[in-house]
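Trainee: Residue numbers (this note's numbering), protein chains in the order written: chain A, 22 to 357; chain B, 497 to 807.
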């Protein structure tokens with residue numbers, strides 16, 4: 022399963038190219054919805070990479086979601102044109118993540134979770150002190166109003182799609198490389214991995230910066246389609262909660278699981294979103310149910326089903342073992 | 497200036513109560529309950545609801561705190577115990593989900609209206625004493641601090657002298673040895689969870705007496721509780737009190753600078769303390785000691801995974 026094969030990458034590119042022509046076929050509403058879906062998928066896959074593969078539970082990825090957008094606003098204010106500024110903003114957020122990684126990656130589990138959150142809050146407060154953001158009021162990327170609405174919508178769609186494809190390709194490449202093997206080893210047990218000579222911190226830094234860059238790309242794609250920038254929304258901790266939901270329900274340890282989780286969240290939001298707080302409470306409850314009873318998510322269910330199928334048809338099939346991803350950390354019983 | 501000093505110190509008692517529960521649960525079960533602040537809000541809303549029924553606020557707190565203790569026990573029994581077996585990731589995820597459930601559930605039931613116990617407390621909520629030098633201190637904040645210190649002292653006494661307290665300390669410093677000596681881990685965990693959630697509820701009620709509360713305030717309480725624990729040094733109740741006071745001071749002084757400074761001051765102190773600790777650890781790892789290394793550093797190096805033993 023982990024053999025270096027390029028087939029998934031090729032399929033992904035084909036799918037992305039096929040999706041890229043959709044703006045010429047679908048209406049404005051559908052394109053907006055799909056843009057949202059791709060942003061969800063992007064966020065879910067970055068969080069899955071972080072928590073599922075590298076074992077880093079962050080409650081602070083909204084820092085980069087908001088920071089990319091903020092940098093873009095700053096650059097536009099400084100005279101840049103809108104779209105280059107958006108990309109530069111995302112790269113700026115990744116640079117900040119790289120700098121922060123020297124601090125946060127030294128922290129363990131829960132401390133990492135809360136320290137990243139506190140840093141996100143500090144960044145939000147700092148951004149709100151900037152006069153161009155006007156505190157709680159927020160601001161908007163007025164430069165984008167110069168672009169014709171239909172083109173703007175399509176560019177937003179392509180940004181989201183392109184970022185998602187880029188992120189998935191990077192993730193697939195990363196997980197198939199030596200860094201990926203190291204990453205998975207760290208996710209299972211960082212101390213054991215370190216004792217085997219895995220360079221834990223540099224590997225985690227790779228994953229952390231990549232995931233933060235992904236969150237920043239999602240943030241600038243969001244800004245490109247929403248135009249308004251509200252510090253409370255763009256830096257809101259609800260992004261992390263949604264990322265948790267998508268990655269956990271889809272399957273933390275699987276590369277494709279978070280995408281399924283994102284699709285599920287999108288469908289739920291479209292059908293039940295009008296219930297407001299009760300809908301969000303339900304998401305929390307579903308996340309708990311998955312964490313308790315189905316820690317491997319829907320991807321785990323699928324693997325189990327596949328494994329049962331293959332054992333049913335060919336009893337001694339060795340594929341049964343290899344097709345169910347070993348999720349030692351999640352299902353291991355640490356006997357005291 | 498003096499005013500900020502006093503306000504900050506008085507806040508410390510409330511933060512210490514909030515943080516002690518978080519610290520206890522972490523010490524015993526090694527999980528950080530990301531829903532701790534939300535459980536505090538549940539406690540506060542429970543008190544407000546009972547006061548709304550016409551109860552006296554004091555009676556409401558007396559009933560709500562043990563009730564939330566039972567809730568904590570059930571939470572441990574049915575939710576946390578199932579995730580404890582499987583590493584550190586799932587407890588974090590499950591409590592994060594619980595937090596979202598509680599916040600939105602509270603919003604669904606009580607709405608977004610900001611509430612406070614101040615009306616029910618009548619004139620106590622604004623009564624104050626005047627100290628020599630024309631320094632005015634509110635009676636309620638002083639009572640909160642005194643109650644906080646009393647609760648911590650009671651908890652310390654419980655941990656030191658009762659059978660259950662000794663079991664809790666044993667299980668937190670060495671679970672395997674404790675199990676060999678006949679300590680029932682499951683009941684220790686239930687007791688710790690009960691105390692932790694009851695303390696959270698008490699802190700929530702304390703908050704409701706002096707400020708307005710709303711359903712989505714929980715995450716901020718969690719952050720502050722965690723900050724107080726880290727600033728004071730994990731593992732000691734009196735350290736937690738000190739951490740709470742320092743956090744309160746940082747916030748009060750931050751508020752002097754700008755309205756945003758209240759939060760920012762606390763956050764920056766927390767990050768500075770955490771950074772200092774990491775720096776120390778790093779220097780120690782290199783075998784250098786530019787700074788006079790505190791006593792903690794040596795135990796940390798010896799047992800990097802179990803640094804947080806209860807007193």
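From the three backbone atoms N, C-alpha and C, an ideal C-beta is built for every residue, glycine too.
How is residue 622 of chain B classed by DSSP in three states: helix, strand or coil?
Mentor: coil
Trainee: Within the stretch 691-775 of chain B, note down every full beta strand (DSSP E) run reaching 3 residues or more, in order along the chain.
Mentor: none
Trainee: Select from B:765, B:759 and B:742 the residue whose C-alpha is nearest the C-alpha of residue 507 of chain B.
Mentor: B:742
Trainee: When you compare the CB positions of residue 595 of chain B and residue 711 of chain B, do they come within less than 9 Å of one another, or not?
Mentor: No, the Cβ-Cβ distance between residue 595 of chain B and residue 711 of chain B is not below 9 Å.
Trainee: For residue 599 of chain B, which residues of its own chain have a beta-carbon under 7 Å away from its beta-carbon, when the five flanking residues on both sides are left out?
Mentor: 534, 711, 712 and 714
Trainee: Going by beta carbon distance, what residues of the same chain come within less than 6 Å of residue 32 of chain A, once the five residues before and after it are set aside?
Mentor: none
Trainee: Output, in chain order, the set of chain B residues within a Cβ distance shorter than 7 Å of residue 316 of chain A.
Mentor: In chain order: 582 and 586.
Trainee: If we ignore side chains and look at the alpha-carbon of each, how far apart do residue 358 of chain A and residue 505 of chain B end up?
Mentor: The structure shown does not extend to residue 358 of chain A, since chain A spans only 22 to 357, so no value can be given for it.
Trainee: For residue 57 of chain A, is the classification buried or exposed, using 16 other Cβ atoms within 10 angstroms of its Cβ as the cut-off for buried?
Mentor: buried
Trainee: Beta-carbon separation of residue 131 of chain A and residue 664 of chain B under 9 Å?
Mentor: no
Trainee: Give, in chain order, every residue of the stretch 765-785 of chain B whose Cβ lies closer than 9 Å to some Cβ of chain A.
Mentor: Taking 9 Å as the Cβ-Cβ cut-off against chain A, the residues of the stretch 765-785 of chain B that qualify are 766, 767, 770, 771, 774, 777 and 778.
Trainee: Measuring alpha carbon to alpha carbon, tell me which of B:764, B:736 and B:582 ends up nearest residue 748 of chain B.
Mentor: Closest in C-alpha terms to residue 748 of chain B, from the list B:764, B:736 and B:582, comes B:764.
Trainee: Just the C-alpha distance for residue 289 of chain A and residue 262 of chain A, rounded to the nearest angstrom, thanks.
Mentor: Residue 289 of chain A and residue 262 of chain A have their alpha carbons spaced roughly 15 Å apart.
Trainee: Is the Cβ of residue 267 of chain A closer than 9 Å to any Cβ of chain B?
Mentor: no
Trainee: For residue 78 of chain A and residue 644 of chain B, what's the separation of their Cα atoms in angstroms?
Mentor: 32 Å
Trainee: Go to residue 634 of chain B, then tell me how far its beta strand (DSSP E) extends in each direction, as first and last residue.
Mentor: Counting along the chain, the beta strand (DSSP E) containing residue 634 of chain B begins and ends at 631-634.
Trainee: In angstroms with no decimal places, state the Cα-to-Cα distance between residue 69 of chain A and residue 758 of chain B.
Mentor: 34 Å
Trainee: Considering Cα atoms alone, identify which of B:532, B:525 and B:701 is closest to residue 671 of chain B.
Mentor: The residue with the shortest Cα to Cα distance from residue 671 of chain B is B:525.
Trainee: Taking only beta carbons into account, state which residues of the stretch 104-134 of chain A come closer than 7 Å to chain B, listed in chain order.
Mentor: Look at the stretch 104-134 of chain A: the residues with a C-beta under 7 Å from a C-beta of chain B are 124, 127, 130, 131 and 134.
Trainee: Just list the residues that DSSP pairs residue 204 of chain A with in beta bridges.
Mentor: DSSP lists no partner for residue 204 of chain A.
Trainee: Between which two residues does the alpha helix (DSSP H) harbouring residue 628 of chain B extend?
Mentor: Neither: residue 628 of chain B is in no alpha helix (DSSP H) and is coded neither H nor E.
Trainee: Please decide whether residue 685 of chain B counts as near chain A, where near means a Cβ-Cβ distance under 9 Å.
Mentor: Not one chain A Cβ lies under 9 Å of residue 685 of chain B.
Trainee: Distance check for residue 265 of chain A and residue 348 of chain A, CA to CA, integer angstroms please.
Mentor: Bear in mind that a pLDDT of 40 at residue 348 of chain A, under 50, signals an unreliable position, so the number given afterwards is only what the model happens to contain. Approximately 18 Å between the Cα atoms of the pair.
Trainee: Quick one: give me the first and last residue of the alpha helix (DSSP H) that residue 86 of chain A is part of.
Mentor: Unbroken alpha helix (DSSP H) run through residue 86 of chain A: 83-98.
Trainee: In the DSSP assignment, find the alpha helix (DSSP H) that holds residue 531 of chain B and state where it starts and stops.
Mentor: It is not in any alpha helix (DSSP H) - residue 531 of chain B carries neither H nor E in the DSSP assignment.
Trainee: Pull up the DSSP beta-bridge partners for residue 611 of chain B, would you.
Mentor: B:709
Trainee: What do you reckon, are the CB atoms on residue 703 of chain B and residue 556 of chain B nearer than 9 Å?
Mentor: no
Trainee: Suppose you measure from the CA of residue 306 of chain A to the CA of residue 536 of chain B; what does that come to, to the nearest Å?
Mentor: 19 Å
Trainee: State buried or exposed for residue 778 of chain B, treating a residue as buried only when at least 16 other CB atoms are found within 10 Å of its CB.
Mentor: exposed
Trainee: Taking buried to mean at least 16 other C-beta atoms within 10 Å of its own C-beta, is residue 355 of chain A buried or exposed?
Mentor: Below a pLDDT of 50, predicted positions are generally treated as unreliable, and residue 355 of chain A, at 38, falls in that range; no measurement from the model is reported.
Trainee: Look at the alpha carbon of residue 634 of chain B and the alpha carbon of residue 762 of chain B, and state the distance between them as a whole number of angstroms.
Mentor: One Cα belongs to residue 634 of chain B, the other to residue 762 of chain B, and the distance between them is close to 22 Å.
Trainee: Name the chain B residues that come within less than 7 Å of residue 146 of chain A, Cβ to Cβ?
Mentor: Annotation: Cβ neighbours of residue 146 of chain A in chain B (cutoff 7 Å, chain order): 756, 759 and 760.
Trainee: Which residues bound the alpha helix (DSSP H) around residue 324 of chain A?
Mentor: 318-334
Trainee: Hey, residue 593 of chain B and residue 693 of chain B: beta-carbon distance below 9 Å or not?
Mentor: Not a contact, by the Cβ cut-off of 9 Å.
Trainee: Can you list the residues of chain A that residue 665 of chain B reaches, using a CB-CB cut of under 7 Å?
Mentor: Residues of chain A passing the Cβ test: none, with the nearest at roughly 16 Å.
Trainee: Could you tell me which chain B residues have their CB closer than 9 Å to the CB of residue 258 of chain A, listed as they occur along the chain?
Mentor: Neighbourhood of residue 258 of chain A in chain B, by CB distance below 9 Å: 715, in chain order.
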